Amino acid sequence: MILVVDTHSGIPVYRQLTEQIRFHVSSGLLSPGDEIPSTRSLSAKLGVNPMTISKAFALLEEEGVLERRPGLPSVVRQRQDDRLKATRIKQLEDALRPIATKAMQLGLDPEEAVSALRRLLETDER
Amino acid sequence: MKFVFEATGLTKRFEQTIALDQIDLKIRRQSIVGLLGRNGSGKTTLLRHLMGLYLPTEGQVSTLGKAADRLDHDELVQIGFVPQEIQLLDWMTVGQHLRYVSSFYPEWDRDRQKRLLNELELEPSAVVGALSSGNLQKLAIILAVCHHPQLLVLDEPVSDLDPIVRARLLEFLLELLREDQATILVSSHVLRDVEKIVDWVICLDRGRVITDTALDDLKERYAEWLITSHNGDLPSQFSETFVLEQDVSGREARLLVDHSQSAREDFGATHRVDIHCRPLNLEEMFPLLVKEPTA
């Protein structure tokens, strides 16, 4: 699992981490039961404060993405298929929000915008 | 002991000048705190109170649970200090100086010393008086950390270091936090470095504490909004108090804000605008932090 943080972006590092781990879980790169590196080792590897890593893990545990186990590495939790699907759609919507704004600013109607997205999806499939 | 330093109503006067003005502050154990402020804002004066080098004109301060005027051997051996103006013994070599200082500390960690000399690229045979300002800073840092301090105070520690050594030093500070459970207080103008490691920010302005907050909270609050109107021109000026700076031009505007999520939603609905929100980094928000209370 590759995690990348930009400490100079205004986005808090714990948010950058939760987003990436969530994405890795949704995309299937991380499967249920997979172990997540420890707070300590991630702090050393990414050069960020261990508190920040801990905060990200706590948030992901609260969301049911990770399971923290005392004295053992955290693992990815098993999730129901419908929950997983809903999370995937939510992540896509978040990514598309600025694109939707752009489409409105360009004066495109919804049909035109959706067909532009469809064209891109179909091009990438080939 | 939850806090390594506490100040209540701390005021420090030098004749007519008020250097610190009614400061209330608590510094949590095991955190890395960035102390920010413009020149002359009182940073160094505050740091000197931590070690009992200054005593308050009014108010109380305590370090590691002990009042500043009673700090003794037991507390002082737990503190490491890298001052801004480094004064060392010029005629010694780096190696001799390290041996000299280490003789005061039974717990001196020679492995750490050796590793840091190597990582920070400092030659033990060099004469202290002939060191460049950057190398002098490196020596002061090594002298301050090899006794495993519980509280490390760094006053502008990186200003003369090159980017490669700076990065290694930052990594080492994080290691101190992990390995020694140390508390680190660092004052610096190099905000890019501070931002990388700190979890808490204290900002001083004219001797007063104007910010005392988690870095993450600051990042969630301060942002640049690029605004586009849905219909027609925007008002020539926005009067919302969370708008700190604005540049309005026809249907578009660029605002700098200290906001909450709900403020953003309300603003979008009230003015019928799209908001593209870009969070600000520490360097970008710093001018807003030191300016805000007078605005």
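In order, the protein sequences belong to chains A and B. Numbering-wise (this note's numbering), the first sequence opens with residue 135 and increments by one. Numbering-wise (this note's numbering), the second sequence opens with residue 93 and increments by one. The beta carbon of each residue, even a glycine, is placed where N, CA and C say it ideally should be. Just so we're clear, the structure is a prediction, and the values are computed from it rather than from any experiment.
Just reading off the beta strand (DSSP E) that B/S279 is part of, what are its end residues?
B/S279 -> beta strand (DSSP E) spans 275–279.
Please state the DSSP three-state secondary structure of B/Y314.
strand
With contact counted as at least three CB pairs below 8 angstroms, one residue from each stretch, are the stretch 179–191 of chain B and the stretch 125–134 of chain B in contact?
No: fewer than three Cβ pairs fall under 8 angstroms.
When DSSP labels each residue in this structure, what does B/E267 get in the three-state scheme?
helix
Less than 6 angstroms between C-beta atoms, sequence neighbours within five positions excluded: which residues of the same chain meet that for B/E98?
K118, S154
Burial state of A/D216, where buried means 16 or more other Cβ atoms lie within 10 Å
exposed
Where B/Q170 sits in the DSSP three-state scheme
Coil, per DSSP.
To the nearest angstrom, report how far apart B/V174 and A/S161 are at their CA atoms.
47 angstroms
Of the choices B/A306, B/S354, B/D309, B/L244, whose alpha-carbon is the least far from that of B/S279?
Residue nearest to B/S279 within the set B/A306, B/S354, B/D309, B/L244 is B/L244 (criterion: CA-CA distance).
Using a Cβ cut-off of 9 angstroms (strictly closer), state whether A/S143 contacts chain B.
yes
Taking the beta strand (DSSP E) that B/A345 falls in, what are its first and last residues?
344–350
Where the alpha helix (DSSP H) through A/P184 begins and ends
184–196
Look at B/N373 and A/G144 and say whether their C-beta atoms are less than 9 angstroms apart.
Going by C-beta atoms, B/N373 is nearer than 9 angstroms to A/G144.
Which bits of chain B does A/P184 rub up against, with CB to CB less than 7 angstroms?
L269, R270, listed in chain order.
Three CB pairs or more closer than 8 angstroms across the stretch 216–232 of chain A and the stretch 172–187 of chain A:
no
B/P255 - DSSP class collapsed to helix/strand/coil
helix
Using the C-alpha atoms, what's the distance from B/R370 back to B/Q273?
34 angstroms
Enumerate in chain order the residues of its own chain whose CB-to-CB distance from B/L326 is below 8 angstroms, with the five nearest sequence positions on each side excluded.
I319, V340, G342, R343, E344, A345, H363, V365
Measure the alpha-carbon distance for B/S321 versus B/K158 and round it to whole angstroms.
If I take the Cα positions, the gap works out to 58 angstroms.
What are the residues in the stretch 171–183 of chain A lying within 8 angstroms of chain B by C-beta distance?
R174, S177, A178, G181, V182, N183
Straight-line CA distance for B/L112 to B/G299?
4 angstroms
Locate the alpha helix (DSSP H) running through B/L138, then write down its first and last residues.
Per DSSP, the unbroken alpha helix (DSSP H) holding B/L138 starts and ends at 135–142.
Taking all protein chains shown into account, do 16 or more other C-beta atoms lie within 10 angstroms of the C-beta of B/P241, making it buried, or fewer, making it exposed?
buried
Between the stretch 231–253 of chain A and chain B, which residues of the former have CB atoms less than 8 angstroms from a CB of the latter, in chain order?
P232, T235, M238, Q239
Pick from B/D254, B/L265, B/E337: whose alpha carbon is nearest that of B/V349?
Among B/D254, B/L265, B/E337, the Cα nearest to that of B/V349 belongs to B/E337.
With 16 other CB atoms within 10 Å as the buried threshold, where does A/R156 fall?
buried
Looking at the unbroken beta strand (DSSP E) that takes in B/T103, where does it start and where does it end?
95–106
By a C-beta neighbour count over all protein chains shown, 10 Å radius and 16 as the cutoff for buried, is B/A387 buried or exposed?
A caution first: B/A387 carries a pLDDT of 41, below 50, which makes its placement in the model unreliable, though a value can still be read off. When all chains shown are included, B/A387 counts as exposed.
Do you know offhand how far A/M135's Cα is from A/L163's?
The straight-line gap from Cα to Cα measures roughly 8 angstroms.
When the distance is taken between beta carbons, is B/L277 closer than 9 angstroms to B/V389?
Any property of residue 389 of chain B remains undetermined from this structure, which presents chain B solely from 93 to 387.
Considering only residues of the stretch 197–234 of chain B, which uninterrupted beta strand (DSSP E) runs meet the minimum length of 3 residues and lie entirely inside it, listed in chain order?
Annotation: the stretch 197–234 of chain B contains no complete segment of the beta strand (DSSP E) (minimum length 3 residues).
Grab me the residues of B/A355's own chain with a C-beta within less than 7 angstroms of its C-beta, minus the 5 sequence neighbours each way, in chain order.
F334
If you draw a straight line from the alpha carbon of B/L283 to that of B/E248, how long is it in whole angstroms?
11 angstroms
Residues that DSSP places opposite A/R203 in a beta bridge:
A/L206
Under a three-way DSSP split, which group does A/S160 fall into?
Residue state, collapsed to three classes: helix.
Residues near B/R313 in its chain [Cβ-Cβ closer than 6 angstroms; skip 5 each side]
D350
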